[in-house]
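In the numbering used here, the protein residues as written are 398 to 632.
Glycine included, C-beta positions come from ideal geometry on N, C-alpha and C.
What follows is a single structure, written as structure tokens, with notes after it.
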């Protein structure tokens, strides 16, 4: 069975990946049995955070905040910068994040969070992608959730999430971050099956510090990709 390229594009967008064409070896975190498969200032490039931010959430969304990620699919870097623009979607206000360079031709993604739930939104007019992923829930280890995530060209998407670890330390590109939550997310397309598995690492007061992804349609080529925080700045 052949799958539209739009479905693969949607998988790349959640991780802000510049492409899904190259594989990389990394240590795969343990997969949950019920599933499928305040850090230091800055990353390996020397951060310029300048001190403790007032936002102690797992995704500070002050205008001008930015995160620079190393993208294993290209070996290049991508900077994600918080803008002042917001859009309403499903009763929530999402903040626009500018991607430089663009990810798979898309230059903006959207995030929001409340006291516990952290969400990512991908909106693309052509192809028709409308996906909202709950990628992190700030709760106890072992907690799970299931959500309807929207659709890609008419294919409905659902997610299954799990909190695998809480309050851990995690070394990313030479920098050790504290108070990290490790969440796991599976994405299923209706009539197709599980198409993506994501491991998110989010540091309190910093944001997402790493995403490790296994992407691909059942029975088709699979891509293993990593996006790791190299530097960041918080206002």
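Closest residue to residue i among the options (Cα-Cα distance)
| i | options | result |
| --- | --- | --- |
| residue 546 | 461, 486, 454 and 628 | 486 |
| residue 549 | 480, 600 and 589 | 589 |
| residue 537 | 575, 560, 484 and 574 | 560 |
| residue 586 | 614, 625, 571 and 515 | 614 |
| residue 516 | 490, 480 and 462 | 490 |
| residue 529 | 624, 582 and 457 | 582 |
Paired residues, beta bridge with residue i - DSSP
| i | result |
| --- | --- |
| residue 623 | 609 |
| residue 489 | 486 |
| residue 598 | 579 and 607 |
| residue 590 | 586 |
| residue 629 | 464 |
Backbone CA spacing between residue i and residue j [nearest angstrom]
| i | j | result |
| --- | --- | --- |
| residue 592 | residue 618 | 11 angstroms |
| residue 632 | residue 562 | 28 angstroms |
| residue 506 | residue 610 | 18 angstroms |
| residue 606 | residue 521 | 25 angstroms |
| residue 553 | residue 541 | 20 angstroms |
| residue 630 | residue 612 | 29 angstroms |
| residue 453 | residue 601 | 6 angstroms |
| residue 503 | residue 471 | 16 angstroms |
| residue 595 | residue 531 | 12 angstroms |
8 angstroms contact criterion, which residue i and residue j should meet: CB distance rounded
| i | j | result |
| --- | --- | --- |
| residue 599 | residue 508 | Residue 599 to residue 508, Cβ: 11 angstroms. No contact. |
| residue 514 | residue 534 | 6 angstroms |
| residue 463 | residue 475 | Going by Cβ atoms, the distance from residue 463 to residue 475 rounds to 11 angstroms, so no, they are not a contact pair. |
- What are the start and end residues of each continuous alpha helix (DSSP H) run of 4 or more residues lying completely inside the segment 520-579, in chain order? If we require 4 residues or more, the segment 520-579 turns out to have no alpha helix (DSSP H) run fully inside it.
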